[in-house]
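Going down the list, the sequences are from chains A and B.
Numbered per our numbering, the first sequence spans residues 14 to 218.
Numbered per our numbering, the second sequence spans residues 14 to 218.
Positions of the beta carbon are idealized from the N, C-alpha and C atoms, including for glycine.
Bear in mind that the values here come from a model prediction, so they are computed numbers and not experimental data.
Here the structure is laid out as C-alpha cells; the discussion comes afterwards.
There are 2 protein chains.
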Amino acid sequence: MAVKLYQQQDSGNCYKVRLVLAHLGEDFEIVDINANDGSTRTAEYRAINPNGKVPLLAFDDGRTLAESNAIALYLAHGSRFLPDDPWRLAKVHEWLFFEQYSHEPAIAVRRSLAIYPERAAQATRERMDRLLAAGNQALEVMAATLADRDWLAPGGPTVADFCLYAYTHMAGEGGFDLNPFPPVERWLERVSSLPGHVELDWRPG
Amino acid sequence: MAVKLYQQQDSGNCYKVRLVLAHLGEDFEIVDINANDGSTRTAEYRAINPNGKVPLLAFDDGRTLAESNAIALYLAHGSRFLPDDPWRLAKVHEWLFFEQYSHEPAIAVRRSLAIYPERAAQATRERMDRLLAAGNQALEVMAATLADRDWLAPGGPTVADFCLYAYTHMAGEGGFDLNPFPPVERWLERVSSLPGHVELDWRPG
C-alpha cells in the first residue's frame, strides 16, 4: 500500500513521522506543503484534512490520518517501538498526550515564534516569557523521569521517545537552555544514537 | 485492585474519566483536589504527579497514570469502547489528540476564563475572541465528520465520544453557540442517551 506524507520539512510534528517511518524501514512518498503561508488552509487541502494541519498520512485507497502522535502510534502498531503490555502502552500514551498539551504548545511554539519572520509580530515579550516558563516546566517533568531510567516509557525505546525527541532536540532554536536538565541531554544523545536514526533534513529515496 | 481518582468535580478532563469508569461499571474512589487554588502544584502532590495536574489515576500498588485521554484509553482497553482493529483504533487516537491540541485549549480554556473568578483577569477581549474563533473551528471539524456518521470514530461509540463529549457539552458555559453545528448537537444527545451515561455532578458509591 503506497503511503504519502503531507508535510513541512522543518516541522517537528512532521519530523516525528519521518523518524518513525525511518526506524520501521517503511517506504513513503513526501508531499511538501507550507503550513505558514496558508497552503494548509485552502479548501483543496481542507478537503483531505478538515483541521488544516500537517502532518497528514494518506493511503492510495483514500484513507487519511491526521495528528502526528496518532500517526506514530498507527505506524508503530505491532512493532518493537510500541509495547503490547497495557500498562507500558498506557505510559507511552501518557507521554504523547503530555507532549501535545504541555510540551509542544510551549517548546515548539516558542521556536516557531523565534524562527519564522512571519510570526515575529506575535512574539511579544510577555508571551515569550510565559512560553519559556512553561517549556522549562515540561523539561523538568522529562528530567525527573529520565533521571531514573533510559527511556520515557519503561522497557526500552518507544514512539514516545521519537515523538518527544522531535521538538526537544530543537529546543535551543526556541531559546531554551538544556544545561539545567542533564538527564534530558543524555537521553537526546541516546535517541540519536539508535540504529536507524535520521536527522531533521533526511528525506526518503 | 483498588483505584483512586484524584480529580476536581467540575473539570471536564476529570469528567471524562468518571464517564468512562461509569460506562465500564468499575468501582473507584474519589480524592477531591482543587486545581485552581494551587493544591495541584504543591510538593506533596507533585511527588505523585510531577506535571501538577488532575486527573490522576492511582492504584494501591503505587502505580499512577496522568493525562485524561491516556487514562481513558487504559481503562477502556479490551472493552467495547475501544476497537481492536488498528485503523479504527487510529481514528480514536486521532480524535483524542485533536481534543487535547485543537479543542480543549480553546473550548475548555474559554469556559475556565469565563466561570472561575480567579481567572477573570486573564480573560482579555483579544484572548476571548481568539479562543472563540479557535473553538468554533474545532466544532466545525467535528460537525463535518458527524454530518456523515453517528459517532466520531467509525463503528460505534468509543472513548473518543466520551472524551470529546466532556467539554463540548459544556461549551455554552464558555460562550459557544452550538446552533450553527446541528450534527454536533444531535451527537451530544446521542452520547447522553447511551445506557450507563452519567452527568457532570455524578459521583460513585
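A direct Cα-Cα distance of roughly 45 Å separates B:S206 from A:M141.
With the criterion set as a beta carbon lying under 7 Å from some beta carbon of chain B, the members of the stretch 139 to 166 of chain A are V154 and A157, in sequence order.
The three-state secondary structure of A:A48, taken from DSSP, is coil.
Rounded to the nearest angstrom, the Cβ distance from A:V30 to A:A85 is 6 Å, consistent with a contact under 8 Å.
For A:Q21, no alpha helix (DSSP H) encloses it, and the DSSP letter there is neither H nor E. Collapsing the DSSP output to three states places A:V211 in coil. Closest in C-alpha terms to B:F41, from the list B:L70, B:G169, B:D98 and B:N64, comes B:L70. For a Cβ distance threshold of 7 Å, nothing in chain B lies close to A:F194: the least Cβ distance comes to about 13 Å. Look at the stretch 102 to 181 of chain B and you find these whole runs of alpha helix (DSSP H), each 4 residues long or longer: 122 to 128, 138 to 159 and 172 to 181. Among the residues of chain B, those whose CB is under 9 Å from the CB of A:Q113 are F110, Q113 and Y114, following chain order. The shortest C-alpha to C-alpha distance from A:A103 to any of B:H106, B:E107 and B:Y87 is the one to B:Y87. By the criterion of at least three beta-carbon pairs nearer than 8 Å, the stretch 143 to 152 of chain B is in contact with the stretch 180 to 196 of chain B.
Of all residues in the stretch 118 to 129 of chain A, the ones placed with a Cβ closer than 9 Å to any Cβ belonging to chain B are P118, in chain order. Within the same chain, L152, E153, M155 and A156 come within 8 Å of B:F194 by CB-CB distance, once the 5 residues on both sides are set aside.
Remark: C-beta atoms of A:C176 and A:S81 approach each other more closely than 8 Å. At a cut-off of 8 Å, the C-beta of A:P96 has no neighbouring C-beta in chain B. Taking a Cβ-Cβ cut-off of 8 Å, the neighbours of B:E80 in chain A comprise H106, E107, F110, F111 and Y114, given in sequence order. Take B:P68, set aside five residues on each side of it, and the residues of its chain with a beta-carbon closer than 7 Å to its own are L18, Y19, Q20, N26, C27, V30, S81 and I84, in chain order. Collapsing the DSSP output to three states places A:A60 in a helix. DSSP places B:V16 in the strand class (E or B) of the three-state scheme.
The closest CA to that of B:A89, considering only B:V105, B:L159, B:D214 and B:A15, is found on B:V105.
Pairwise C-beta distances place the stretch 109 to 123 of chain B in contact with the stretch 110 to 122 of chain A, as three or more of them are shorter than 8 Å. No Cβ-Cβ contact shorter than 8 Å links A:A173 with A:A179. For A:T53, the three-state secondary structure derived from DSSP is helix. With respect to B:G38, B:T53 sits apart: the two C-beta atoms are not nearer than 8 Å.
Listed as beta-bridge partners of A:E42 by DSSP are A:K17. For B:W200, the closest alpha carbon among the candidates B:P130, B:T171 and B:R138 is that of B:T171. The alpha-carbon separation between B:D23 and B:D45 amounts to approximately 11 Å. Comparing alpha-carbon positions, the option among B:P130, B:W108 and B:Y58 lying closest to A:P63 turns out to be B:W108.
Contacts with chain B (Cβ-Cβ distance below 7 Å) from the stretch 25 to 41 of chain A involve no residue at all. The Cβ neighbour count for B:F72, taken over all protein chains shown within 10 Å, is under 16; the residue is labelled exposed. For the pair A:W164 and B:G185, the Cα-to-Cα distance works out to about 42 Å. Under DSSP, the beta-bridge partners assigned to A:F72 are A:V16. Below the 8 Å Cβ cutoff, chain A contributes no neighbours of B:N47, its closest Cβ being approximately 19 Å away. Per the C-alpha coordinates, the member of A:E202, A:R203 and A:M183 positioned closest to A:L213 is A:M183.
Distance between B:D97 and A:P130, taken at the CA atoms: about 45 Å.
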